[in-house]
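*Asks:* Read top to bottom, the protein sequences are chains A and B.
Numbering of the first sequence is given in full-length UniProt numbering, commencing with residue 1 and proceeding in unit increments.
Numbering of the second sequence is given in full-length UniProt numbering, commencing with residue 1 and proceeding in unit increments.
We treat Cβ as the ideally placed atom computed from N, Cα and C, and that holds for glycine.
Questions regarding the structure given below will be posed in turn.
There are 2 protein chains.
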Amino acid sequence: MPTAILTEESMRDQLLDAVEQVFYARGIQAANMSELRDAAGLPLRRIYQLFPSKDELIVAFLRRRHDRLMAMLEAQVAAADSPEDRVLALFAHLDAWFREPSFRGCPWTNAYCELGPTNPAVAAEVDHHELEHRALVTRVVLDAGYSPEIADVVYLLIAGAVTTAGVQHSLDAAVQARHGVRILLASSQAEVALTT
Amino acid sequence: MPTAILTEESMRDQLLDAVEQVFYARGIQAANMSELRDAAGLPLRRIYQLFPSKDELIVAFLRRRHDRLMAMLEAQVAAADSPEDRVLALFAHLDAWFREPSFRGCPWTNAYCELGPTNPAVAAEVDHHELEHRALVTRVVLDAGYSPEIADVVYLLIAGAVTTAGVQHSLDAAVQARHGVRILLASSQAEVALTT
DNA sequence: TCGCGATGAGAATGATCATTCTCAGTCGGC
DNA sequence: GCCGACTGAGAATGATCATTCTCATCGCGA
Numbered sequence: 001m002p003t004a005i006l007t008e009e010s011m012r013d014q015l016l017d018a019v020e021q022v023f024y025a026r027g028i029q030a031a032n033m034s035e036l037r038d039a040a041g042l043p044l045r046r047i048y049q050l051f052p053s054k055d056e057l058i059v060a061f062l063r064r065r066h067d068r069l070m071a072m073l074e075a076q077v078a079a080a081d082s083p084e085d086r087v088l089a090l091f092a093h094l095d096a097w098f099r100e101p102s103f104r105g106c107p108w109t110n111a112y113c114e115l116g117p118t119n120p121a122v123a124a125e126v127d128h129h130e131l132e133h134r135a136l137v138t139r140v141v142l143d144a145g146y147s148p149e150i151a152d153v154v155y156l157l158i159a160g161a162v163t164t165a166g167v168q169h170s171l172d173a174a175v176q177a178r179h180g181v182r183i184l185l186a187s188s189q190a191e192v193a194l195t196t
Numbered sequence: 001m002p003t004a005i006l007t008e009e010s011m012r013d014q015l016l017d018a019v020e021q022v023f024y025a026r027g028i029q030a031a032n033m034s035e036l037r038d039a040a041g042l043p044l045r046r047i048y049q050l051f052p053s054k055d056e057l058i059v060a061f062l063r064r065r066h067d068r069l070m071a072m073l074e075a076q077v078a079a080a081d082s083p084e085d086r087v088l089a090l091f092a093h094l095d096a097w098f099r100e101p102s103f104r105g106c107p108w109t110n111a112y113c114e115l116g117p118t119n120p121a122v123a124a125e126v127d128h129h130e131l132e133h134r135a136l137v138t139r140v141v142l143d144a145g146y147s148p149e150i151a152d153v154v155y156l157l158i159a160g161a162v163t164t165a166g167v168q169h170s171l172d173a174a175v176q177a178r179h180g181v182r183i184l185l186a187s188s189q190a191e192v193a194l195t196t
């Protein structure tokens, strides 16, 4: 019965597509299972066959989005020409993201604020995302020859831009953050130039 | 009946003290009215006399905390000796805040993530806070002689530090952000020195 | 053609929670 | 000392929602 297996896969994808859209647009708690059913076009019975509870759906949503983000970031970073451009590519990605009409802040921060204090599984998934994302940013900055302290600042600028864009609907946050990073990198190179 | 008025005031304070603690520690949606009643030591009936709905309690919580934060920031900024120290005082405040054991992220970001998409009154209150807070930061940076672009970056660093400290429980976020600001300010002064 | 295992659609269940109501007690004014 | 308005404590209400259940139907192998 290969058909059954294939359809299970496609139903899972169809469900997670809908879940991503609804959870992200409306908030996780505000989205109820009936809404997910309507958006996914699948009966509740089937949804519960695929994921035994809403909590597991939340974790799957966060994980899937994380995997996609990380792959996209790796690709965009890899496509940049110079190590410094790799750092700036992170901000180009942010800028494009903020300008998507559906942008509504960081899915992991949102989930953590909504559920973190009461839902350990969600908190763990958010933790996992934050660690991997921060590790990627740090690696890109270190590979470009800057110090760990600079990497921390770059990370904070990214986090600040995402939060500010999400809460204040400020489309310029990525540009402003990139401006800060440029100054930072230039001054750090000046330091290196002085000491070498 | 001045006694009655006085007691109403003190009951309101007692209630809002408890509400602040419970909403902030457990999350707004996770905290139910019975919990608030227990924490405040007031009957539900009285709570509803003081605030006709949980929504109004949420807005009052955010507003009270906002007023206190702004007053504290103004005081700490005013106490600093030089304009540059006034900028750095913002980060000293962050550092102390992050190290409070009860620290659990930014109350306004938390509220916005939890309720913003579904509760216009909360969204408006968060907006109000963000605008005033950002205006204060911008004013302090401009008064120290830096450019609006620098003020934007300083603001993003503050936002990033708060988010990162909240989600990643990173106690060093304020120190890292201050490091970034120092570089930023120094390089901006160098520019000014070069052009004047 | 027959019967069975799974399916879809939506109703039932049980829990949680904001909000309101009940009722027995209490206090201030007379 | 007495009456009426108010109070506290907690139960009742009504809504919402995750999760489960019912049942009529369907696809498929024999």
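(1) If you compare alpha carbons, which of A:F51, A:A124 and A:G27 is closest to E8 (chain A)?
(2) Check Q189 (chain B) in the structure and name its three-state DSSP category.
(3) Can the beta-carbon of T118 (chain A) be found closer than 9 angstroms to that of R104 (chain B)?
(4) Could you tell me whether the Cβ atoms of E114 (chain B) and Q168 (chain A) are closer together than 9 angstroms?
(5) R26 (chain B) touches chain A at which residues, Cβ-Cβ below 7 angstroms?
(6) Using CA atoms only, rank isn't needed, just tell me which of A:V59, A:M11 and A:A60 is closest to A40 (chain A).
(7) Let me know if L62 (chain A) comes out buried or exposed under the rule of 16 or more other beta-carbons within 10 Å of its beta-carbon.
(8) I'd like to know if the stretch 70-78 of chain B and the stretch 128-143 of chain B are in contact, where contact means that at least 3 CB-CB pairs between them fall below 8 angstroms.
(9) For the alpha helix (DSSP H) containing N32 (chain A), list its first residue and its last residue.
(10) Consult DSSP for P148 (chain A) and reduce its assignment to one of helix, strand or coil.
(11) Spell out whether any CB of chain B is found under 9 angstroms from the CB atom of I47 (chain A).
(12) By the 10 Å Cβ neighbour count, where 16 or more other Cβ atoms means buried, how is D152 (chain A) classified, buried or exposed?
(13) Distance, Cα to Cα, S53 (chain B) vs H179 (chain A)?
(14) Applying a beta-carbon distance threshold of less than 8 angstroms, which residues of chain A neighbour V153 (chain B)?
(15) Please compile the residues from chain B whose C-beta is within a distance smaller than 8 angstroms of the C-beta of E35 (chain A).
(16) Out of curiosity, what's the CA-to-CA distance linking L156 (chain A) and L36 (chain A)?
(17) Find the nearest neighbour of L94 (chain A) within the set A:L184, A:T164 and A:S188, judged by alpha-carbon distance.
(18) Count the other C-beta atoms from every protein chain shown that fall within 10 angstroms of the C-beta of G116 (chain B), then say buried if there are 16 or more, exposed otherwise.
(19) Give a yes or no on whether the minimum CB-CB distance between V162 (chain A) and chain B is below 9 angstroms.
(20) If we count the other Cβ atoms within 10 Å of its Cβ and call it buried at 16 or more, is L170 (chain B) buried or exposed?
(21) What is the DSSP secondary structure of A80 (chain A), reduced to helix, strand or coil?
(22) What's the gap between the Cα of L185 (chain B) and the Cα of T138 (chain B)?
(23) How is L16 (chain B) classed by DSSP in three states: helix, strand or coil?
(24) Answer with buried or exposed for P107 (chain A), where buried requires no fewer than 16 other C-beta atoms within 10 angstroms of its C-beta.
(25) According to DSSP, simplified to helix, strand and coil, what is S10 (chain B)?
(26) Using 9 angstroms as the limit for Cβ to Cβ distance, is D127 (chain B) near chain A?
(27) Compare the C-alpha of H129 (chain A) against each of A:E149, A:R46, A:L142 and A:A159 and name the closest.
(28) Hey, how far is the Cα of V140 (chain B) from the Cα of V181 (chain B)?
(29) Taking only three categories from DSSP, how would you classify T138 (chain B)?
(30) Could you check whether the Cβ of S188 (chain B) sits closer than 9 angstroms to any Cβ belonging to chain A?
(31) Using the C-alpha atoms, what's the distance from A31 (chain B) back to F23 (chain B)?
(32) Leaving aside the five residues before and after E125 (chain A) along the sequence, list all residues of the same chain whose C-beta is less than 7 angstroms from its C-beta, in chain order.
(33) Using a Cβ-based criterion (distance less than 8 angstroms to any ligand heavy atom), does V140 (chain B) qualify as near the ligand SAH?
(34) Tell me which residues of the stretch 99-114 of chain A have at least one Cβ-Cβ distance to chain B shorter than 9 angstroms, keeping chain order.
*Replies:* So, to answer that:
(1) Numbered from its first residue, the first sequence carries residue 8 (chain A) at position 8. Distances from the CA of E8 (chain A) to each of A:F51, A:A124 and A:G27 were compared; the closest alpha carbon is that of A:F51.
(2) As a position in the second sequence, residue 189 (chain B) is number 189, starting the count at 1. Correct three-state label for Q189 (chain B): helix.
(3) Position 118 of the first sequence holds residue 118 (chain A). Position 104 of the second sequence holds residue 104 (chain B). Against a cut-off of 9 angstroms, the Cβ pair of R104 (chain B) and T118 (chain A) comes out as no contact.
(4) Reading the second sequence from its first residue, position 114 is the one you call residue 114 (chain B). Reading the first sequence from its first residue, position 168 is the one you call residue 168 (chain A). In this structure, Q168 (chain A) does not lie closer than 9 angstroms to E114 (chain B) by Cβ.
(5) On the second sequence, position 26 is the one that residue 26 (chain B) refers to. Neighbours of R26 (chain B) on chain A, chain order: P117.
(6) Position 40 of the first sequence, counted from the start, is the residue given in the question as residue 40 (chain A). Ranking A:V59, A:M11 and A:A60 by Cα distance to A40 (chain A) puts A:M11 first.
(7) Looking up residue 62 (chain A) in the first sequence gives position 62. Buried is the call here.
(8) Enough Cβ pairs lie closer than 8 angstroms, so yes.
(9) Walking along the first sequence from the start, residue 32 (chain A) turns up at place 32. First-last for N32 (chain A): undefined, no H or E at that position.
(10) The residue labelled residue 148 (chain A) in the question sits at position 148 within the first sequence. Correct three-state label for P148 (chain A): helix.
(11) As a first step, residue 47 (chain A) is located in the first sequence; it is residue number 47 there, counting from the start. I47 (chain A) does not count as touching chain B.
(12) Against the first sequence, residue 152 (chain A) aligns to sequence position 152. Counting every other CB atom within 10 Å of its CB across the protein chains shown gives D152 (chain A) a total of 16 or more, marking it as buried.
(13) On the second sequence, residue 53 (chain B) is found 53 positions in, with the first residue counted as 1. On the first sequence, residue 179 (chain A) is found 179 positions in, with the first residue counted as 1. Distance between the alpha carbons of S53 (chain B) and H179 (chain A) is about 45 angstroms.
(14) Here residue 153 (chain B) corresponds to residue number 153 of the second sequence, with the count starting at 1. Residues of chain A passing the Cβ test: L157, Q176, A177, H179, G180 and I183.
(15) As a first step, residue 35 (chain A) must be located in the first sequence, where it is residue number 35. Chain B residues near E35 (chain A): none, gap ~12 angstroms exceeds 8 angstroms.
(16) Counting from 1 along the first sequence, the entry for residue 156 (chain A) is found at position 156. Counting from 1 along the first sequence, the entry for residue 36 (chain A) is found at position 36. A straight-line Cα-Cα distance of about 34 angstroms links L156 (chain A) and L36 (chain A).
(17) Position 94 of the first sequence, counted from the first residue, corresponds to residue 94 (chain A). Ranking the options by Cα distance to L94 (chain A), first place goes to A:T164.
(18) Mapped onto the second sequence, residue 116 (chain B) falls at position 116. Per the 10 Å Cβ criterion, buried.
(19) What you label residue 162 (chain A) is simply residue 162 of the first sequence in a count that begins at 1. By this cut-off, V162 (chain A) is an interface position.
(20) In the second sequence, the residue the question calls residue 170 (chain B) occupies position 170. Contrary to the premise, residue 170 (chain B) reads as Ser rather than Leu in this sequence. Buried.
(21) Along the first sequence, one-based indexing puts residue 80 (chain A) at 80. Three-state DSSP puts A80 (chain A) in coil, outside helix and strand.
(22) Position 185 of the second sequence holds residue 185 (chain B). Position 138 of the second sequence holds residue 138 (chain B). If I take the Cα positions, the gap works out to 14 angstroms.
(23) Mapped onto the second sequence, residue 16 (chain B) falls at position 16. Three-state result, L16 (chain B): helix.
(24) Position 107 of the first sequence, counted from the first residue, corresponds to residue 107 (chain A). Buried.
(25) Taking the first residue of the second sequence as 1, we reach residue 10 (chain B) at position 10. Three-state result, S10 (chain B): helix.
(26) Sequence index remark: in the second sequence, residue 127 (chain B) carries index 127 (1-based). It does: the Cβ of D127 (chain B) has a partner Cβ on chain A nearer than 9 angstroms.
(27) In the first sequence, counting from the first residue as 1, residue 129 (chain A) sits at position 129. Of A:E149, A:R46, A:L142 and A:A159, the residue nearest in Cα terms is A:A159.
(28) Within the second sequence, numbered from 1, the residue matching residue 140 (chain B) stands at position 140. Within the second sequence, numbered from 1, the residue matching residue 181 (chain B) stands at position 181. The alpha-carbon separation between V140 (chain B) and V181 (chain B) amounts to approximately 13 angstroms.
(29) Start at 1 with the first residue of the second sequence, and residue 138 (chain B) comes out as number 138. The answer is helix: DSSP assigns T138 (chain B) an H, G or I state.
(30) By 1-based counting over the second sequence, the position of residue 188 (chain B) is 188. For S188 (chain B), the answer is yes, since a Cβ of chain A falls inside 9 angstroms of its Cβ.
(31) Taking the second sequence and counting its residues from 1, one reaches residue 23 (chain B) at position 23. Taking the second sequence and counting its residues from 1, one reaches residue 31 (chain B) at position 31. If you take the alpha carbons of F23 (chain B) and A31 (chain B), they lie about 6 angstroms apart.
(32) Counted from its first residue, the first sequence places residue 125 (chain A) at position 125. Within the same chain, E125 (chain A) has close Cβ partners V59, L62 and R63.
(33) Of ligands this structure carries none, so the ligand SAH is not represented either.
(34) Those residues of the stretch 99-114 of chain A placed with their C-beta closer than 9 angstroms to a C-beta in chain B are R104, G105, C106, W108, T109, N110, A111, Y112, C113 and E114, ordered along the chain.
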